[in-house]
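Following my numbering from start to finish, the sequence shown increments by one per residue and tops out at 793.
Glycine included, every Cβ here is placed at the ideal spot set by N, Cα and C.
Because the structure is a prediction, the values reported are computed rather than measured.
Structure first, commentary second.
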Amino acid sequence: MNDAVIPELELLAFSFLSGIICFFGYDLLLVLRIFFRRSLILEKLEDILYWLAASIFVFSVIYKKNSGVIRGYSIAGMLAGMILYRAVVKGRLTQAAQRRSDRIRKWFRNKTEPIRKKRMELQNKRKQVKIKKEEQKKNRKQKKREEREKRKKKG
639 MNDAVIPELE LLAFSFLSGI ICFFGYDLLL VLRIFFRRSL ILEKLEDILY
689 WLAASIFVFS VIYKKNSGVI RGYSIAGMLA GMILYRAVVK GRLTQAAQRR
739 SDRIRKWFRN KTEPIRKKRM ELQNKRKQVK IKKEEQKKNR KQKKREEREK
789 RKKKG
């Protein structure tokens, strides 16, 4: 094979792999979102930061392998890697994580049920104590008013 073609094929192979790595990394981000839910704004911010990091990664691959010269076939290789990854994986990673997260949540819920029950009991007791304190305070005020009224009548 011609020596000039070998670096071009290496660039194509690295571009293909970088496309796969980019989408695999994004799937990992989606898996993290399944386990740690965030607000929509934070998700969008994560997306922006992820794709910024992915573009820096892709640029570094192109820069190291081809001295920063962007070739059409390197971009085509990245797209082919991304398309192949999506065709093969098709969300299996996130679906498996969703099933696992459901199991983990159920297990965690079962293990923490006694703690949650005790917490609810304590909250209810605290409310009852608060209500009793308010009633006592109200009764004291009422007694003070009655005493003042008795003094006014005597005085």
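**Study point:** Bounding residues of the alpha helix (DSSP H) (the contiguous stretch that carries Asp740)
**Key:** 730-792
**Study point:** For Val699 and Cys660, believed in contact at Cβ under 8 Å, the rounded distance
**Key:** No, Cys660 and Val699 are not in contact; Cβ-Cβ is about 10 Å, not under 8 Å.
Point to revise | Distance CB(Gly715)-CB(Gly657) smaller than 9 Å | key: yes
Exercise for review: List the endpoints of the continuous alpha helix (DSSP H) containing Ser705.
Suggested key: No alpha helix (DSSP H) contains Ser705, which DSSP labels as neither H nor E.
**Study point:** Three-pair Cβ contact test at 8 Å for the segment 734-741 versus the segment 671-680
**Key:** Flag = yes, the segment 734-741 and the segment 671-680 touch.
Point to revise | Environment of Leu649 [buried if 16+ CB atoms lie within 10 Å] | key: buried
Exercise for review: Output the distance between the C-alpha atoms of Gln761 and Val767, rounded to the nearest integer angstrom.
Suggested key: 10 Å
Exercise for review: Could you round the C-beta distance between Leu731 and Val669 to whole angstroms and report it? I think they count as a contact, below 8 Å.
Suggested key: 6 Å
Practice item. Look at the Cβ atom of Pro752, then the Cβ atom of Lys703, and state whether they are nearer than 9 Å. Key: no
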